[in-house]
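Residue numbers (the working numbering), protein chains in the order written: chain A, 4 to 324; chain B, 27 to 366.
No residue lacks a Cβ here, since even glycine has one placed at the ideal position from N, Cα and C.
Below is one structure, written out as C-alpha cells, with a few remarks after it.
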C-alpha cells in the first residue's frame, strides 16, 4: 500500500462526442493526492472540472470517452477495470458529493432509506446495524436523528447537503470528491458545512478533491490547489504558494477579480473576453487571447512548464521569481 | 460612486425614494370557506431612503424578503401597507405604493429591474433588438427607426460591439455575461431614475462578473441612475454600493455606510454574516460564526426581536419586548438591537 500516493492521475484525457463536433473536456491531466490531503480544483464553468471528477469515478455520460491516461487508486488503475470491478470501488473507496443537493436525493423515498440503499450495495450487515450506522452518520454531520424517516422536501437546503455528505461518508471512503457542495447555500450555512466537513475529514483521515469556482472557498479548504483552464491544469502547487506567488496570468487574474470583505478595498481587475469555446480552442496556449502578457509565441506553441520546487505552471511569460 | 445630488431647487433635497413602513404579508394557505388568519410576514415595516444616483445594497440570506422589497419598489408586487414616496425632482412627489392604471404605467418609465438569471429573464424566441426595444414599444416612445438607433446606442454602451452584429441574434447565441449586458441595456433604455438589480452577477463566472459589475457602476456614474442592489454577497455589495442595508426575516437590522458597517458591524446578525464570508487567503483562519440554529417562523411571528432565537447576546429584555427600532448607537450606522 505504501509507496503509492492515494490517488495518482496520469495524462488523463476525455473527449465528448457532440453533434457540433468533438470536445476535449479533460486534456492530459496529471495530479496526485496523498492520504489525508485535500486538493482544491478551481476554474470557471465549462473548464472541465466536473468532467474530470466524473471521469475519476468512471461516471462520465455515454457520449464521453476516456482516450488515454490512468487513474491510479493505491496503485490500481481504475480506467482498465471492468464495470463490475469498478462498482466495488465506487462509494466504497471513492465517494462523491454532487453539486445540487436539491436534485441528488430521490423525492419519493425517505432520506434514511436512500442512505441504507447505498450501504446495502457494499456490505452484508444486518438491516438493524445499517439503521444504527445511519444514526451515527447523522450525528457526524449534525443532523437530528428525527429526520432519518423524513422525505427530502421536509429538509432545508443546508440539511439536504448534510444528508448528501452523510451518504458519501457511509462506507468510510478513502477519497471524497466534492463538486461545488456549498454553491447554492447561504454564507452562514456554507460556513457551518465547510467546518463540519473539515473536522470529519481530519477525524477519519480522508482525502478530498474539492471542486469550486470560488477562490475564497478553495483557499479555506485546500492543502494543494490546481487551477484548470480549457481542460488543462495550468497551475499546481500548495495553497500558500499558489495564493501568495501565483505564476500563471490566469490564476493572477482570478485572484484580483475576486472581491473581498477584509483588508483594504482594492480595485477589481477585469479579465477581458469570454471563456473559450470548447469546440474551437485557441492554438498554442489556450489562454493567450485573454492574456495581458501574451506574445507571438503564445499563439503558436504550447507553453512550457515552469517549475519552482513542487509548484508549477504552464506559461511562456512567467513573472520573475 | 453615489454622486450626491446637487441642490438646485428646494425639491432636490428630497431623496428619490422614501420608503416608510413598507409591508408585504402573503396569505399562508387560504381557503374559500374560511377567512385566512395566517400570514407570512415577508417584509415587515421596512424604512429607508434611496438618494438620486445613489446605490444602496440590500443584503441578507435567501428568504429574508430582499427580493420582495425590490419587487414592491418597481410595483411587480403590490405592498400590503406602507408608503413609497417617489420624487425625481421633475414633478410632484407621488406615493407609488398605491398607483394604478395610467400613472402606474407612467411610473414604470422611471423604475426598471434587472433579474438574477439571464437565462430565464429573456424570451428565447425574440431577437436581441426586440428584447431591448420592448420597453420603448410598451411606453410608445419613438418610431421604429428611432428605436433602432436607441438600441444600437444601448448595445454600444453596454459593451456589445459592434452593435450591428448583435441586433438580430437570439438569446441562446449569447453567453451568460453577454445576456446580462442585454438585460442591463433593456433596463436602461427608458432612462429610468432607478433600477432594482436582483443578484445580477451571482450566476456569472468570476472573470465575467467583474466586467458586468464595472459596467453597472460606470453607467450609474455616467447616467445618474440610483440602484437598489440586492445581493447575498457582502463582498460584491462592498464594490457596488456606498450604503448597505442588512435584512433579516423581513426587517432591516442595520443600515449605513458600507465601509463603516464592514469595519465595525454593530448588529450580531451582521457580525455573523461577515464572519461567515470565506477569505481568499490560505494563511487566515477565520473566527467561528457565533450564531445559534433555529429560525423564527414568518407566519404570524411573535412581537419580540426577529433575531432572538439565534442571537448570542440576547437576554430577558429582548425576549419580552417588541422588535427593536432602528437607531443610531453612537455609530454612523443605524442598528435595530437593544444590546448593540
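Tell whether a beta-carbon distance below 7 Å holds between residue 155(B) and residue 177(B).
Counting from 1 along the second chain, the entry for residue 155(B) is found at position 129. Counting from 1 along the second chain, the entry for residue 177(B) is found at position 151. Residue 177(B) sits close to residue 155(B), with the two beta carbons spaced by under 7 Å.
Taking CB distances under 7 Å as the criterion, tell me whether residue 21(A) reaches chain B.
Locating residue 21(A) in the first chain gives position 18, counting from the first residue. Not one chain B Cβ lies under 7 Å of residue 21(A).
Counting only beta-carbon atoms, is residue 128(A) nearer than 7 Å to chain B?
Along the first chain, one-based indexing puts residue 128(A) at 125. By this cut-off, residue 128(A) is not an interface position.
Using beta carbons (cut-off 7 Å, strictly below), is residue 254(A) in contact with chain B?
For the purposes of this step, residue 254(A) is identified with residue 251 of the first chain, where counting begins at 1. For residue 254(A), the answer is no, since every Cβ of chain B falls outside 7 Å of its Cβ.
Helix, strand or coil for residue 342(B), going by three-state DSSP, please let me know.
As a position in the second chain, residue 342(B) is number 316, starting the count at 1. If DSSP states are grouped into helix, strand and coil, residue 342(B) belongs with the helices.
Cβ separation of residue 294(B) and residue 363(B), assumed to be a contact under 8 Å, to the nearest whole Å
Residue 294(B) sits at position 268 when you count from the first residue of the second chain. Residue 363(B) sits at position 337 when you count from the first residue of the second chain. Between residue 294(B) and residue 363(B) a beta carbon distance of about 7 Å is seen, short of the 8 Å cut, so the two are scored as contacting.
The region 249-269 of chain A touching the region 287-299 of chain A, judged by at least three CB pairs closer than 8 Å
Yes, they touch.
Please report the distance separating the alpha-carbon of residue 62(A) from that of residue 141(A).
The residue you call residue 62(A) lines up with position 59 of the first chain. The residue you call residue 141(A) lines up with position 138 of the first chain. If you take the alpha carbons of residue 62(A) and residue 141(A), they lie about 27 Å apart.
Find the residues of chain B that neighbour residue 216(A), judging by a C-beta separation of less than 7 Å, and give them in chain order.
Taking the first chain and counting its residues from 1, the one referred to as residue 216(A) is at position 213. The answer, in chain order, is 231 and 232.
In chain A, what lies closer than 8 Å to residue 240(B) by C-beta?
Position 214 of the second chain, counted from the first residue, corresponds to residue 240(B). Residues of chain A with a Cβ closer than 8 Å to the Cβ of residue 240(B) are, in chain order, 271 and 273.
Could you tell me whether the Cβ of residue 262(A) comes closer than 7 Å to any Cβ of chain B?
In the first chain, counting from the first residue as 1, residue 262(A) sits at position 259. Taking Cβ atoms only, chain B reaches closer than 7 Å to residue 262(A), which makes this a yes.
C-beta atoms of residue 9(A) and residue 210(A) nearer than 7 Å:
Numbered from 1 along the first chain, position 6 holds the residue referred to as residue 9(A). Numbered from 1 along the first chain, position 207 holds the residue referred to as residue 210(A). Cβ atoms of residue 9(A) and residue 210(A): closer than 7 Å.
By the three-class DSSP mapping on this structure, what secondary structure does residue 84(B) have?
Within the second chain, the letter at position 58 stands for residue 84(B). Judged by DSSP in its simplified three-state form, residue 84(B) adopts strand.
Residues of its chain near residue 237(B), where Cβ-Cβ distance is below 8 Å and the 5 sequence neighbours each way are ignored:
Position 211 of the second chain, counted from the first residue, corresponds to residue 237(B). Leaving aside the five residues that flank residue 237(B) on each side, the residues in its chain whose CB is nearer than 8 Å to its CB run, in chain order, 185 and 203.
Which of the residues in the region 60-88 of chain A, read from start to end, lie with their CB under 8 Å from any CB of chain B?
For the region 60-88 of chain A, the set of positions with a beta-carbon nearer than 8 Å to some beta-carbon of chain B is empty.
Residues, ordered as in the chain, of the region 145-158 of chain B that lie near chain A by beta-carbon distance below 7 Å:
So the list is empty, because no residue satisfies the distance condition.
Under 7 Å from the C-beta of residue 309(B): neighbouring residues of chain A:
Locating residue 309(B) in the second chain gives position 283, counting from the first residue. What residue 309(B) touches in chain A: 243.
DSSP-derived helix/strand/coil call for residue 282(B):
Translated into the one-based positions of the second chain, residue 282(B) becomes position 256. Three-state DSSP puts residue 282(B) in a strand.
Quick one: is residue 36(B) buried, meaning 16 or more other Cβ sit within 10 Å of its Cβ, or exposed?
Taking the first residue of the second chain as 1, we reach residue 36(B) at position 10. Residue placement at residue 36(B) is poorly supported in this model, since its pLDDT is 47, which falls under 50; the coordinates still yield a value, given next. Answer is exposed; the Cβ neighbour count stays below 16.
Spell out whether any CB of chain B is found under 7 Å from the CB atom of residue 314(A).
Here the question's residue 314(A) lines up with position 311 in the first chain. It does not; no Cβ of chain B falls within 7 Å.
For residue 291(A), name the three-state secondary structure that DSSP assigns.
Taking the first residue of the first chain as 1, we reach residue 291(A) at position 288. Residue 291(A) falls in the helix class under three-state DSSP.
Considering residue 197(A), what are the terminal residues of the alpha helix (DSSP H) in which it resides?
Working through the first chain from its first residue, we reach residue 197(A) at position 194. That run of the alpha helix (DSSP H) goes 190-207.
Are the beta-carbon atoms of residue 100(B) and residue 45(B) separated by less than 7 Å?
In the second chain, the residue the question calls residue 100(B) occupies position 74. In the second chain, the residue the question calls residue 45(B) occupies position 19. Contact: no.
Thinking just about the alpha-carbon of each residue, which of 231(A), 178(A) and 316(A) is nearest to the one in residue 74(A)?
In the first chain, residue 74(A) corresponds to position 71, counting from 1. Comparing Cα-Cα distances from residue 74(A) to each of 231(A), 178(A) and 316(A), the minimum goes to 178(A).
Using a Cβ-Cβ cut-off of 8 Å (strictly less than) and excluding sequence neighbours within five positions of residue 144(A), which residues of its own chain qualify?
Walking along the first chain from the start, residue 144(A) turns up at place 141. The beta carbon of residue 144(A) sits closer than 8 Å to those of 165, 166, 168, 169, 172, 199 and 203, all from its chain and outside the five residues before and after it, given in chain order.
Taking 7 Å as the cut-off, decide whether the C-beta atoms of residue 317(A) and residue 237(A) are in contact.
For the purposes of this step, residue 317(A) is taken as the residue at position 314 of the first chain. For the purposes of this step, residue 237(A) is taken as the residue at position 234 of the first chain. Yes, they are a contact pair.
Which runs of the alpha helix (DSSP H), 4 residues or longer, sit entirely within the region 127-162 of chain B?
Whole alpha helix (DSSP H) segments, 4+ residues: 127-133.
Considering only residues of the same chain and omitting the five flanking positions on each side of residue 305(A), which have a CB-CB separation below 8 Å?
Residue 305(A) sits at position 302 when you count from the first residue of the first chain. A distance below 8 Å between beta-carbons, with the five flanking residues on each side excluded, links residue 305(A) to the following residues of its chain, in chain order: 287, 288 and 317.
Would you give the residue range spanned by the beta strand (DSSP E) that residue 112(B) belongs to?
Mapped onto the second chain, residue 112(B) falls at position 86. Segment 107-112, the beta strand (DSSP E) holding residue 112(B).
Kindly indicate the opening and closing residues of the beta strand (DSSP E) around residue 238(A).
The sequence position of residue 238(A) within the first chain is 235, counting from 1. That run of the beta strand (DSSP E) goes 235-241.
Nearest-angstrom beta carbon gap, residue 254(B) and residue 42(B) [assumed within contact, 8 Å]
For this step, residue 42(B) is matched to residue 16 along the second chain. For this step, residue 254(B) is matched to residue 228 along the second chain. With 8 Å as the limit, residue 42(B) and residue 254(B) do not qualify as a contact, their Cβ atoms being about 10 Å apart.
Close-in-space but distant-in-sequence residues of the same chain around residue 29(B) (CB under 6 Å, 5 per side omitted):
Against the second chain, residue 29(B) aligns to sequence position 3. With a pLDDT of only 45 at residue 29(B), under 50, the local geometry of the prediction cannot be trusted, and the value read off the model is given with reservation. The beta carbon of residue 29(B) is closer than 6 Å to those of 79 in its chain, skipping five residues each way along the sequence.
Within chain B, the residues that residue 194(A) reaches when beta carbons sit closer than 7 Å:
Along the first chain, one-based indexing puts residue 194(A) at 191. Chain B residues near residue 194(A): 302 and 315.
Quick one, which of 6(A), 99(A) and 279(A) has its alpha-carbon nearest residue 38(A)'s?
Looking up residue 38(A) in the first chain gives position 35. Of the listed residues, the one whose Cα sits closest to residue 38(A) is 6(A).
From the beta carbon of residue 191(A), is the nearest beta carbon of chain B less than 7 Å away?
Position 188 of the first chain, counting from 1, holds the residue named residue 191(A). Chain B contact via Cβ: present.
From which residue to which residue does the beta strand (DSSP E) around residue 16(A) run?
What you label residue 16(A) is simply residue 13 of the first chain in a count that begins at 1. It spans 10-21 - the beta strand (DSSP E) in which residue 16(A) sits, taken as one unbroken run.
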